[in-house]
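Numbering (the working numbering), first residue to last: 1492 to 1919.
Some notes on the structure that comes next.
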Amino acid sequence: MKLELTQKQTTGLFMTTEVRQAISLLQYSAMDVWDYVQEEMLNNPLLAVEERGFSESYSSRSRNQAGEAMNNVVEFYPGHEKGWREKLFDQIKWQLNSKEDYEVMQYLILNLNERGFLPIEVNEISGSLNVSSSSVTDNLQHLKDYESRGLGSSGTRDYLIYQIKQQFPEEGLLMQLVAYYLDDIANRRWNQLSKQLSVSQADIKQAFTLLKKLRPHPYIDSIMQPVKYMVADIIVKKEGTDYLLTDSNSPFSSIHIDSSYASLKKDAKAESFLNDCYKNANWLIRSIEQRRQTILKVAKVIVKEQIAFLEGGPLHPLTYKQVAEQIDMHESTVSRAVSNKVMQTSRGVFEMKYFFTTGLSQNDSTISSTQVKNHIQGLIDQENKSKPLSDQKLAQVLKKDYGVEISRRTVAKYRESIQIPSSSKRKE
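Spelled out as structure tokens, the structure:
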């Protein structure tokens, strides 16, 4: 047997420690980045942070945003898993401007019933809290308009009217039927309504078709999981007709290389170690800045594509690929940039991943998967509980009433994602 030593040249991808670090930092949350920096500071004597660090910077900015009243707000019962009311308050409290608003909003949310309705009159709330009726009314409207949920409506009729104003503002007949003849239209008294209102039965049935597209009560189950961050990574504010974005990078701007580095290098024995520390510290600082710029670029595209949502409409179908193409980045980079990140908007605080939805066929346009899930929830809410709709029947109704073509299997997947059991388990 003859043994030979040969050389062979190959090409492949090699990921350096620095590149892995940059990738990890991009997908970390702000708190995770800060933890990582603190660990690096233990091993790198050249990394330094100004005394005004992460927690102080964030808490200071929080007070500027919400006012000194933030410190006086009663916390929701700590030490247990938060319910949907507490999650809702966590999301909406950042939009409030005074201690009184906090107290009123907290009272409103705590008194919502399990269907999302508020069974208490404004005057009663005003008297209980010793605040003006206008303060209660303003905060109640704020609650209703939050993500256009209609939470805080007095009941089904009030909630239906709220939806009509949002979705069918030109449908005067529908508004009249719901406001004054809801029982008649629920029992399909077409002939009686036609004579009483001097309109054709066809017009009444057409209004009834629109009514069936509305929900009987707010969609509480869709309230997002609790956000893990006290302050958003990106803050979106509208000024005039423009949307302005700011980031929360201020805590990281205090990270720098210790100025005593040059004098320490005079020690020959320490020079090699300090040179490595300098390179690592410099790379970390640049990686954090690159992370900031990437997140901001992605956020700008999200805002541009989801302006309709920010204005009170539905989410527009949006994919990582679409964003990646606009900013000349890879899809995986966009995915990491939105992972564990939060955006604060006038409609609430959202995980940035929330703005990405798949697009489904709806005749000549597209509709987001979130909207389809809402349709499925609405259809099931209104179904005959003794004869619940099967997934196949739901698919047929979606196609007929909403122009959405999806398979039975997709309906099942969406139904399970919003935690609705199968028709056999829903039967009463």
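All residues carry an ideal CB built from backbone N, CA and C; glycine is no exception.
Short Cβ contact (7 angstroms threshold) for residue i with residue j
| i | j | result |
| --- | --- | --- |
| residue 1528 | residue 1516 | no |
| residue 1651 | residue 1709 | no |
| residue 1909 | residue 1864 | yes |
| residue 1626 | residue 1595 | yes |
| residue 1835 | residue 1911 | no |
| residue 1796 | residue 1787 | no |
| residue 1608 | residue 1646 | yes |
| residue 1801 | residue 1861 | no |
| residue 1576 | residue 1611 | no |
| residue 1736 | residue 1815 | no |
| residue 1866 | residue 1893 | yes |
| residue 1896 | residue 1904 | no |
| residue 1876 | residue 1842 | no |
| residue 1653 | residue 1644 | yes |
| residue 1535 | residue 1772 | yes |
| residue 1620 | residue 1593 | no |
Cβ distance (whole Å) where residue i is taken to contact residue j below 8 angstroms
| i | j | result |
| --- | --- | --- |
| residue 1803 | residue 1583 | In fact, because the Cβ distance is near 15 angstroms, the residues do not count as touching under 8 angstroms. |
| residue 1706 | residue 1872 | 6 angstroms |
| residue 1748 | residue 1537 | 5 angstroms |
| residue 1886 | residue 1906 | Going by Cβ atoms, the distance from residue 1886 to residue 1906 rounds to 11 angstroms, so no, they are not a contact pair. |
| residue 1662 | residue 1701 | 6 angstroms |
| residue 1724 | residue 1513 | That pair is no contact at about 17 angstroms. |
| residue 1880 | residue 1914 | 6 angstroms |
| residue 1738 | residue 1783 | 6 angstroms |
| residue 1664 | residue 1672 | Rounded, the Cβ-Cβ distance is 10 angstroms, inconsistent with contact. |
| residue 1668 | residue 1676 | 5 angstroms |
| residue 1811 | residue 1833 | The pair is not a contact, with the Cβ atoms about 18 angstroms apart (cut-off 8 angstroms). |
| residue 1540 | residue 1746 | 5 angstroms |
| residue 1682 | residue 1692 | 7 angstroms |
| residue 1831 | residue 1586 | About 22 angstroms; that fails the 8 angstroms criterion. |
| residue 1770 | residue 1837 | The Cβ separation is near 44 angstroms, so there is no contact. |
| residue 1779 | residue 1743 | 5 angstroms |
Continuous beta strand (DSSP E) stretch holding residue i: start and end
| i | result |
| --- | --- |
| residue 1663 | Not the beta strand (DSSP E): residue 1663 falls in the alpha helix (DSSP H), residues 1663-1671. |
| residue 1839 | 1839-1842 |
| residue 1746 | 1746-1748 |
| residue 1642 | Segment: none, residue 1642 is in no beta strand (DSSP E) and carries neither H nor E. |
Paired residues, beta bridge with residue i - DSSP
| i | result |
| --- | --- |
| residue 1603 | DSSP output for residue 1603 lists no bridge partner at all. |
| residue 1833 | 1842 |
| residue 1738 | 1725 |
| residue 1730 | 1733 |
The alpha helix (DSSP H) enclosing residue i, as first and last residue numbers
| i | result |
| --- | --- |
| residue 1692 | 1692-1702 |
| residue 1633 | 1624-1636 |
| residue 1867 | 1860-1872 |
| residue 1538 | Run containing residue 1538: none in the alpha helix (DSSP H); it sits in the beta strand (DSSP E), 1538-1540. |
| residue 1687 | 1681-1688 |
| residue 1618 | 1613-1620 |
| residue 1579 | 1575-1583 |
| residue 1534 | 1521-1534 |
| residue 1916 | 1914-1917 |
field: Sequence ranges, beta strand (DSSP E) only - wholly within the stretch 1783-1837, length at least 3
entry: 1833-1836
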